[in-house]
Amino acid sequence: MVTPLKPLALALFLALATALCPAEPPFLAGVAKRLITPEVGEGKPTVWLAGYGAGRAATGVHDDLFARALVLKLGETTVAFVTLDLIGFFHPEVVQIRATLAAQCPISHLIVASTHNHEGPDTLGLWGEHPLSSGVNPAYNALVRQKVCEAVLEAAQTLKPVRVRFTQSATKGITTDSRPPKVLDEGLYLMHFEHADSGKPFATFVNWSAHPEVLGSRNTLVTADFCKYVVDRLEREFGAGYTALYFTGSIGGLLGASGRSLTDPATGKPPPNATFREAELVGEEVGRVAIEAVRSAPLSQPNSLSFKVKEIYVPLTNAWYWAGRVAGVVDRKLYAPNPDGKTFSEEGVGARFVRSEVSVVTLGEAQFLMVPGEIYPELTNGGIQAPQDPGADFQGAPLEPPLRSLMTGKFKFVLGLANDELGYIIPKSQWDSAPPYTYGREKPLYGEINSASYELAPIVADAFKELLPAESDK
C-alpha cells in the first residue's frame with residue numbers, strides 16, 4: 246500500500262519540482278508610434294521630397310508620416326523592429342539611435358527599416374534643390390532619431406504577454422517590374438499578435454514588396470503613399486488598441502505597385518493613374534489579403550528568440566555617389582582595408598569602403614533577414630538570368646544563391662532598407678553600366694546609377710551565407 250504524502254511533504258515536493266522545472270518565460274510584445282511628419286509651409290525650411298529628381302519641394306501634407314516600433318522579448322533577448330515612412334535611413338543614423346537607447350533601455354538588437362517612401366522628405370541627401378545639393382535637413386533627421394527612441398522606449402515599457410500567428414499569402418496583379426528579367430515577389434509575409442489572455446488582436450507585422458511611389462513624381466504633398474492605406478485597412482478591421490506595421494521587402498528591379506487591375510467600387514472602373522485613390526485601392530487590397538490570411542493562420546509557440554549580426558564593408562564604385570560625397574551631398578565615412586585584409590580603419594590610404602551590416606533574427610519557426618538596400622527579387626527568391634546576357638558587364642560572374650534558400654525558418658521574412666540604404670542590390674551577373682548593353686539596348690537599364698557598388702550583391706550574399714551556415718553548407 247502506498248502511503249499518501251503528508252501536506253508538508255507534498256508542498257516541499259511541489260516546490261522542488263518547480264525549482265527544477267521552471268516555467269517557460271512568457272513571450273512579450275509592445276508597440277508604439279510617433280509622428281515624424283515634417284512641417285511644411287511659409288516660414289518653415291523647404292522640405293525636398295525624395296525618390297525622383299532634384300528640386301521637388303513639398304507644398305503641403307496629405308497624411309502623416311510615422312515611426313512605428315514593435316518590441317519583442319523572450320527570456321533574456323529583446324529585439325526591436327522599427328519602420329519609418331521614409332525613403333531610407335543611413336547606417337550611421339541607426340548606430341546613433343542604438344547608442345542613445347543603450348543608456349536607457351536593454352535592447353539586444355535594434356532594426357530600423359524604411360518603407361522607401363517616394364513622397365516624404367529627403368533623409369539621405371540625394372534629392373535637394375539641384376543634383377549636387379543635399380536635401381537633408383539635419384534638424385529633421387535628428388527629430389526622426391529622437392522619435393524612434395521614444396517609440397522604442399514606450400514599446401519596451403508596455404510589454405504584454407502575447408501569442409503569435411505566422412502566415413504567408415500573396416497578392417495578384419498589383420505588383421509590376423520595370424526591368425528584365427521580369428521577376429516579381431508577390432509574397433505577403435505576416436506576423437499577427439493577439440493578447441495572450443483575451444485573444445484580442447494586438448498587432449500585425451506586414452512584409453510586402455513594392456516601391457511606395459504610386460503618386461508619382463508630380464505629387465508635391467507629403468504622404469506615406471499606399472503604405473498608409475495598408476495600415477488603415479488593418480487597423481479599421483481589428484479596432485481600438487491594435488497597431489499595424491508595414492515593412493518593405495524585395496523591391497529592386499524596379500518593383501512597383503499598380504491599381505490598373507483593380508476596380509474602384511465607386512466607379513466600376515480602374516482608378517486613375519498616380520492618384521490618391523489608386524494608392525488607397527492598392528493599400529486596401531494588400532490589407533484585404535493580409536486580413537484573410539491572419540484569420541485562418543494557426544497559432545505558433547515560439548520557444549526561442551535570437552539574432553546574429555555581421556558588419557560588412559562595401560567598395561563605393563558608383564561615380565555619382567563619389568561626386569555627391571565630394572560635394573557634401575552624401576555624408577558617409579569611408580574606410581580603408583588594413584594589411585591583414587580582414588579589418589578596416591577609418592579614412593586613410595585606400596579609403597573607398599562604406600561600413601554597413603546585415604542581420605538575422607529567428608523567432609521560433611520564423612526567420613527575418615535584414616538587408617541594407619533595395620534587393621532584387623532574383624536575389625531573394627531566385628530567377629537570376631541564365632544564361633547570362635552577352636551585354637552584361639561581368640561575364641562569368643557566379644550567381645548568388647537565393648536568400649530564402651539559405652533560410653532555415655518555415656516562415657521567411659526579408660526586410661529591405663533595414664539599418665541602411667545602399668541603393669539597388671543587383672545580381673553581379675546582371676550588372677550593366679557599360680556598352681554593349683543588355684537586350685540590344687542603346688543605353689543602360691535603370692538601376693546601376695542608384696547602387697553603391699557592383700560588389701554589393703556578392704558581399705551581402707556571402708555575409709548571409711556566413712550567418713546561415715546550416716543550409717548554405719548543404
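Residue numbering for the sequence shown follows my numbering, beginning at 246 and increasing consecutively.
Ideal Cβ positions, reconstructed from N, Cα and C, are used throughout, including at glycine.
Please read all numbers here as calculations on a predicted model, not as lab measurements.
Simplified DSSP assignment, three categories, for residue i
i, result
"K427", "coil"
"G286", "coil"
"A312", "strand"
"R301", "coil"
"P547", "coil"
"W372", "coil"
"E700", "coil"
"A264", "Any reading at A264 must be qualified, since the residue scores a pLDDT of 48, below 50, and its modelled position is unreliable; no value is offered."
"G501", "strand"
"S443", "coil"
"Y580", "strand"
"T360", "coil"
"A639", "Note on identity: in this sequence residue 639 is Phe, with Ala being the wrong assignment. Residue state, collapsed to three classes: coil."
"W676", "coil"
"P681", "coil"
"S717", "Because S717 sits at a pLDDT of 43, beneath the cut-off of 50, its placement in the model cannot be relied upon, and the point is left open."
"V705", "helix"
"L690", "coil"
"L624", "helix"
"R331", "A small fix is needed here, since residue 331 is Leu in this sequence, not Arg. The answer is coil: DSSP assigns L331 none of H, G, I, E or B."
"L712", "helix"
Residues that DSSP places opposite residue i in a beta bridge
i, result
"D509", "K514"
"H218", "Limits of the chain in this structure are 246 at one end and 719 at the other, which puts residue 218 out of reach."
"G275", "V316"
"D585", "Note: D585 sits in no beta bridge, so no partner."
"E619", "Y669"
"S590", "A581"
"Q633", "In the DSSP output, where bridge partners are listed per residue, Q633 has none listed."
"P366", "L294"
"L280", "F311"
First and last residue of the uninterrupted alpha helix (DSSP H) at residue i
i, result
"K473", "471–483"
"S650", "648–651"
"R410", "Premise fails: R410 lies in the beta strand (DSSP E), 405–415, not in any alpha helix (DSSP H)."
"I557", "Looking at the DSSP string, I557 is not in any alpha helix (DSSP H); the run it does join, the beta strand (DSSP E), is 550–560."
"R343", "336–347"
"G722", "No statement about residue 722 is possible, as the shown extent of the chain runs from 246 to 719 and does not include it."
"K657", "Element bounds for K657: not the alpha helix (DSSP H) but the beta strand (DSSP E), 656–660."
"R390", "383–402"
"G461", "Premise fails: G461 is in no alpha helix (DSSP H) and is neither H nor E."
"Y566", "564–571"
Proximity below 8 Å, CB of residue i to CB of residue j
i, j, result
"L429", "Y691", "no"
"V397", "V316", "yes"
"K318", "L404", "yes"
"T493", "L388", "no"
"L466", "G305", "yes"
"R313", "L460", "no"
"T328", "T368", "no"
"V276", "A448", "yes"
"N563", "S698", "yes"
"A299", "E374", "yes"
"A535", "L479", "yes"
"F411", "E610", "yes"
"G370", "G569", "yes"
"L701", "V554", "no"
"N382", "E338", "no"
"E645", "A596", "no"
"G628", "P622", "yes"
"L346", "C394", "yes"
"G497", "Y669", "yes"
"V531", "W453", "yes"
"D576", "P617", "no"
"P457", "H363", "yes"
"V599", "A581", "no"
"I694", "W567", "no"
Presumed contact (8 Å Cβ cut-off) between residue i and residue j, rounded CB distance
i, j, result
"V603", "L712", "7 Å"
"S551", "T322", "6 Å"
"R408", "E439", "5 Å"
"F656", "Q413", "6 Å"
"A400", "A325", "7 Å"
"D638", "S678", "6 Å"
Endpoints, the beta strand (DSSP E) within which residue i is located
i, result
"E439", "432–440"
"P446", "446–453"
"A489", "488–493"
"V599", "598–608"
"D422", "420–422"
Closer than 7 Å: residue i CB and nearest the ligand ATP heavy atom
i, result
"A596", "The ligand ATP is absent from the structure shown, which contains no ligands of any kind."
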